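With mature numbering (1 follows the signal peptide of the UniProt record, and there is no 0) as the guide, the letters of the sequence shown map in order to residues -20 to -1, 1 to 243.
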Amino acid sequence: MTRRTHITIALALAGLVATACSGDDKSDGLRPLSLKEQASSVVKSGSGYVVSWAGVLSNANRWHFGENAVAVITAVDAAGKEVVHMEQPLDAVAPGASLPFSGQVTSSAKPVRVKIDYRPASWRAATRIPSAFLAFPVSEVSTDRLPAGSYLVTGYVSDPFLKAADGLAVTALLRDAAGKLAGGGTAYVDDVRAGDKRRFVITVDGVRGAVAKTDVLVTTWGATAKPYEDLATAGAVPIHTVMPTTEPFVKDRGYQTITDRRQ
């Protein structure tokens, strides 16, 4: 085989590898985060005006975490002057998942318009398959209207992983009868262990109208993928943990030896 033949084969193999890689959805062009939902309100208080907001960022990339994103909340008064400028660091957005967030700030001047924007995330390839990043179950969720017009959301969160979750952000999203986001609030829960439930209490202010539905979403606390990656690497809690109570068969009846009937 000549030197020219060797070079031709090498180039052909390189082309095949490049084609195979480009066809893998793990290496496709990354799509930016999108602000799927948002809601805001302004309420008069003794110290000025309380500006509340809630939003949901969506990550359409199935193989990458969105890290170090920052929500930018601005508000202007009737003259168009900016009276609120708040930069809120956000938790990492898991592959193919959504990140709810909420916040609150006080302004001495009255805002008439609130805008929610965000700075682009940096991207980190996930070290596990998407299904390894399990959702954190919530249970016994209750939503009650308080006398002052706020809402109190309580419930319990569990850890589906073998490793304890050091910090979780629990966000309640309140919706009206049409399903539109009306407001939200966030609480933080520490040291959530497998087989245990931790209670969360969330107060949501500035909600206009009646609330018909509450969605509670839980995310790992932190701007990078590491907390979620560490939990997924440790593995999930086994679903079936109860030992069988019946006696084993004396003889295994699930398999029969097939004899050779050829003559």
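Think of the CB as a built atom: it goes at the ideal place given N, C-alpha and C, for glycine as much as any other residue. Only a predicted model underlies this, so the values are computations on that prediction, with no experimental measurement involved.
Contact between Leu13 and Ser32 is ruled out by a C-beta separation of about 22 Å, above the 8 Å threshold. Taking a contact to require three or more Cβ pairs closer than 8 Å, the region 146 to 160 and the region 185 to 197 qualify as touching.
It is roughly 19 Å from the alpha-carbon of Ala105 to the alpha-carbon of Gly215.
Counting only runs of 3+ residues, the beta strand (DSSP E) found wholly inside the region 60 to 98 occupies 62 to 69 and 78 to 87, in chain order. Rounded to the nearest whole angstrom, the CA to CA distance from Glu17 to Trp43 is 23 Å.
Taking the C-beta atoms as reference points, Val137 is found nearer than 8 Å to Lys177. Between Leu132 and Thr183, the C-beta spacing is below 8 Å. The three-state reading of DSSP puts Ala216 in strand, counting E and B together.
The Cβ atoms of Gly164 and Ala174 lie no closer than 8 Å to each other. Minimum Cα-Cα distance from Gly60 among the listed residues Arg125, Lys95, Leu114 and Leu126 corresponds to Lys95. By the 16-neighbour rule on beta-carbons within 10 angstroms, Ser122 is exposed. In this structure, the beta-carbon distance from Glu47 to Ala167 does not fall below 8 Å. In the three-state reduction of the DSSP assignment, Asp146 falls in the strand class. The shortest CA-to-CA distance from Asp146 to any of Trp201, Arg93 and Val64 is the one to Trp201. Here Glu17 carries a strand assignment [DSSP, helix/strand/coil].
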